[in-house]
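Reading through the C-alpha cells given below for one structure.
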Amino acid sequence: MTRPIVGRHLVRYGTAADQKFLVGALRPTYDGLVVNATMAAHIPTALASFISQMVKKPFFIDPQTHAFQHDVENLESTSSKKAGKIKRSIQALLDAYGEPIATTVGQKRRPVLPSHFASAKVRKGFCERVMRFQLEHLAKRFKSSDAAKYFQFLQAKGKLKTAQCRPGFVIAPYFYMTANTLEKWLRVNLSMLKECQSSGGASVGAQVVISRDVLSSPSLCSTLASKYKSARPDVILVWIDAFPEESASRDELLAFASLLKEFGRTAPTVNLHGGYLSVVLSRSGLVQGLDGVAHGLEYGESRGVVPVGGGIPTAKYYYPEMHVRLLFRDAMHAVRAAGGLKSARAFHRDVCDCVECKKVVKSSPEDDFAAYGKTRPVSFIRRGQPVAMDYPVPETKDHSVRHYMWCKKVEYATAQSVPDVINGLRLAERFKKELGASKVAHCRIWSSVLRALSKS
Amino acid sequence: MKSCQTRSSRDSNRSELELVRSAFLRAQSRRGVTVCCHVPVLGRCIDMAYVLRSSLVTIEFKLHDWRKAIAQAKDHRLAAHHSYICMPQRSVSDVLLTSLNTAGVGLLFFKDEGKWPFSVHLEAPASNEAWRFAREEAISYVLNNKGKWI
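Protein chains in written order, with this note's numbering: chain D, 1 to 456; chain A, 457 to 606.
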C-alpha cells in the first residue's frame with residue numbers, strides 16, 4: 001500500500017488570497033496541501049481548478065466536522081447584512097453532511113452532542129456523506145464547469161497536463177475532545193472511524209483534536225494511544241487546540257512528543273498545526289512516524305478550535321534564527337542587535353538570505369527592511385476608547401508570507417543534527433536582552449526537550 | 457529619589473482617557489508645538505506625541521500600571537527622540553526609577569493647573585534606538601494630523 005503522506009511539508013490552504021503563495025516560484029517549497037472543507041464547499045470549482053491545474057500536488061480535505069459541536073454563534077456570519085445567518089460555506093457543509101447536523105445545527109441552532117450519533121444508522125449515513133464530500137465534491141463540481149471543457153480541450157491537444165482532483169485519503173468525521181469530554185466523544189470518533197474503514201474504497205485517516213489539558217494527563221494520552229492503535233487508521237492527524245510551540249511548557253512539549261511517538265508507531269502521523277520544533281522532531285527521527293507537519297500562511301503554526309473572529313492583522317517577520325514570527329518592531333530590535341542594519345551583505349549573512357530578503361533588502365537595510373513593516377494607520381473607537389492601529393498594507397503581507405515560505409522550505413529541507421539545532425537555539429537566546437526573556441524562552445525550552453528526547 | 461506628594465483622590469477618580477484629553481487640549485495651545493493623539497507606530501498606539509523644533513516626543517499615559525507603560529514607551533523609542541510615561545503626581549520608588557533608567561524612558565507628572573500639562577520628574581535621554589523609517593513616519597503623521605484627537 002502506498003503511504004498516504006507523500007511529503008513532510010504540508011501547507012494549509014486558508015483563503016483564495018493564499019493562492020499566489022502556493023504557485024510559481026513558491027510551488028517547489030512545499031509537498032502537499034491541507035484544504036478546509038469550508039473552502040471546498042465555498043469555491044469548489046475554483047479550488048478544484050487551482051489544485052488540478054496549478055498546484056498538482058497531493059492534498060486532503062479536513063472535513064471540519066468539529067465545527068458543529070461548538071456554540072452555533074461561531075458559525076454565523078459577522079457581516080452587518082447577514083448577521084445571525086449561518087455562513088454560506090458552513091451552510092453548504094450542512095447541506096452536504098445532512099443529518100444529524102442539518103436539523104440540530106441548521107434548524108434548531110444547537111450544537112450536536114455525542115448522543116446525536118448513538119444510532120448506528122445515523123452514524124453510517126453521516127460517515128458516507130462526509131466521505132463522499134471529500135472524495136467527490138471537488139472533482140464533480142470541476143467536471144461540470146466550463147473551465148473543465150477548456151482544460152479537456154487543451155489536454156487533448158497535449159498542451160496541458162492535469163492532476164487528479166481526488167484527495168490522497170479521507171478523514172473520518174471527528175469531534176474535539178477535552179479532558180472532560182474525551183470519554184464520550186472518543187467513543188463517537190472511534191465508531192465513525194470504524195464505519196468509514198468498513199466502507200472501503202479509500203485510505204481513512206483519523207483526526208485527533210484535543211485540548212492542551214489532555215496533554216497533562218498521562219492516563220488520557222495513554223487511552224488515546226491505545227484506542228487508536230486498536231483502530232488501525234491509515235494515517236493519524238493531530239491538532240492540539242491553540243498550542244503554539246513557542247509558548248508551550250517543557251512538560252507539555254514532552255507529553256506532546258510522547259503522544260506523537262505513540263501515534264507514529266500506529267500509523268504515519270501528521271501534526272496539523274506545527275512549527276519548527278515539530279519539523280525537527282520529524283526530520284531528526286526523534287519522533288518516528290511523524291511524517292508530516294502542516295502550517296498555515298498567515299496565522300501559521302497554531303490554531304484554536306473555535307475561530308476567534310479573525311483578529312487584527314499585524315505586521316510580522318519570521319525571524320529565521322529564532323524560528324518564530326516576531327512583531328515587526330521586535331524584528332527590528334533583533335535585526336539591529338544582529339548587526340543586520342550595517343549593510344545588505346551583513347543582513348543577508350546575519351539575518352536572512354532567502355529569495356525574498358535578497359529581493360527586498362538590496363542596498364540599505366535601514367530603509368529596505370521597512371518593506372516588511374509598512375502599515376497604514378486606522379483610527380476607530382473600541383469600547384468607548386479612541387484607538388489608532390497600524391494595519392499592514394498588502395505589499396507587507398506579500399513580502400512577509402513569501403519570506404516565511406522560503407524560510408520554511410529551508411527548515412523542512414535541511415537535515416540538521418540535533419546538537420546543531422540545540423547550538424543554534426542557544427545562540428538565538430542572546431536576543432533576550434533586546435526582546436525580553438519571554439520572547440526567546442522557547443529556545444531554551446526546545447533545547448531542553450530535544451536533549452531529553454535524545455536521551456530517551 | 458522620592459516625591460513627597462501622593463496621588464490625590466481626584467486623580468484616582470479620573471480615567472486615563474480624561475488625563476490624555478486634558479493634556480492634549482492644553483498642550484495644543486503652546487506655540488511651536490505640534491501635537492497629536494493616538495499616533496500609530498510599528499503596531500503601537502502612542503497616547504500623545506508632539507513635535508517641537510523637529511524633535512518627536514512621545515508620551516504614554518498610565519494611572520497605575522507603570523511597568524506596562526514603560527514597556528510601551530520603550531517601543532516608542534524606535535521612533536521618538538525622547539519617550540516619556542506620564543502619571544498623576546505620585547511617590548516614585550527606587551524600582552520605578554531604575555526601570556525608567558534601564559529602559560531609557562523619562563517620567564512626567566500630569567499637572568492640573570497651568571498652560572503646560574506636564575512637569576518633568578525624570579528627563580528622557582535621547583533615543584539611541586531610533587529607526588529612521590519609523591521616526592519619519594511618526595513625525596509625518598503628527599504634522600499631517602495636527603491637533604487631531606482621533
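Yeah, the Cβ is synthetic: ideal placement off N, Cα and C, and Gly gets one too.
By the 10 Å Cβ neighbour count, where 16 or more other Cβ atoms means buried, how is residue i classified, buried or exposed?
i        : result
A:His520 : exposed
A:Ser485 : exposed
D:Ser278 : buried
D:Asp291 : buried
D:Ser456 : exposed
A:Trp522 : buried
D:Trp406 : buried
D:Leu44  : It is worth fixing the name first, because residue 44 of chain D is Pro in this sequence and not Leu. Buried, by the Cβ-count rule.
D:Val55  : buried
D:Arg303 : buried
A:Ala483 : buried
D:Gln501 : Since the first residue shown for chain D is 1 and the last is 456, residue 501 of chain D is missing from the structure and cannot be characterised.
D:Glu395 : exposed
A:Asn600 : exposed
D:Val410 : exposed
D:Gln69  : buried
A:Met457 : Note on A:Met457: pLDDT 33, under 50, position unreliable in the model; the coordinate value appears next. Answer is exposed; the Cβ neighbour count stays below 16.
D:Asp390 : buried
D:Ile51  : buried
D:Arg325 : buried
D:Gly309 : With a pLDDT of only 44 at D:Gly309, under the threshold of 50, the placement of this residue in the model should not be trusted, and no figure is reported.
D:Lys82  : exposed
Using DSSP bridges, identify the partner residues of residue i.
i        : result
D:Asn36  : D:Asp62
D:Met177 : D:Ile210
D:Trp239 : D:Val209
D:Met389 : D:Val378
D:His333 : DSSP output for D:His333 lists no bridge partner at all.
A:Arg500 : A:Val497
A:Tyr540 : A:Ile515, A:Gly562
D:Leu186 : In the DSSP output, where bridge partners are listed per residue, D:Leu186 has none listed.
D:Ala267 : None, per the DSSP bridge assignment.
D:Lys316 : D:Leu327
A:Tyr506 : A:Val491, A:Val513
D:Glu76  : D:Ile86
A:His532 : Answer is none; A:His532 lacks a bridge partner.
I want to verify the contact list: residues of chain A whose CB lies under 9 angstroms from the CB of residue i, in sequence order.
i        : result
D:Ser366 : As written in the sequence, residue 366 of chain D is Glu, which differs from the Ser given in the question. Trp587, Arg588, Phe589, listed in chain order.
D:Gly373 : Leu498, Gly499, Phe589, Ala590
D:Ala139 : By Cβ distance, chain A contributes nothing, its closest Cβ being about 43 angstroms from D:Ala139, past 9 angstroms.
Report the neighbours of residue i on chain D: residues whose CB is nearer than 9 angstroms to its CB, in chain order.
i        : result
A:Trp522 : None at all; the shortest Cβ gap to chain D is about 16 angstroms.
List, in chain order, every chain A residue whose beta-carbon is nearer than 7 angstroms to that of residue i.
i        : result
D:Ala338 : Residues of chain A passing the Cβ test: none, with the nearest at roughly 14 angstroms.
D:Ala315 : Gly499
How about residue i: is its C-beta nearer than 8 angstroms to some C-beta of chain D?
i        : result
A:His537 : no
A:Asp531 : yes
A:Leu473 : yes
Listing by chain order, which chain D residues have their CB less than 8 angstroms from the CB of residue i?
i        : result
A:His494 : Ser379, Pro386, Val387, Ala388
Just to make sure I have the definition right: I need the residues of chain A whose C-beta is within less than 8 angstroms of the C-beta of residue i. Which are they?
i        : result
D:Met332 : Leu498, Leu534, Trp587, Ala590
Residues of chain D with CB closer than 7 angstroms to the CB of residue i, please, in chain order.
i        : result
A:Tyr597 : Pro377
Is any beta-carbon of chain A found at less than 8 angstroms from that of residue i?
i        : result
D:Phe175 : no
D:Thr178 : no
D:Thr396 : no
D:Ala452 : no
D:Ala156 : no
D:Ala370 : yes
Mind pulling the chain C residues with CB within less than 9 angstroms of residue i?
i        : result
D:Phe328 : The displayed structure is made up of protein chains D and A, and chain C is not among them.
Looking at chain A, which residues of the segment 15-44 of chain D have a Cβ within less than 7 angstroms of any of its Cβ atoms? Answer set for the segment 15-44 of chain D: empty.
Which residues of the segment 550-572 of chain A have a Cβ closer than 9 angstroms to any Cβ of chain D? Give them in chain order. none
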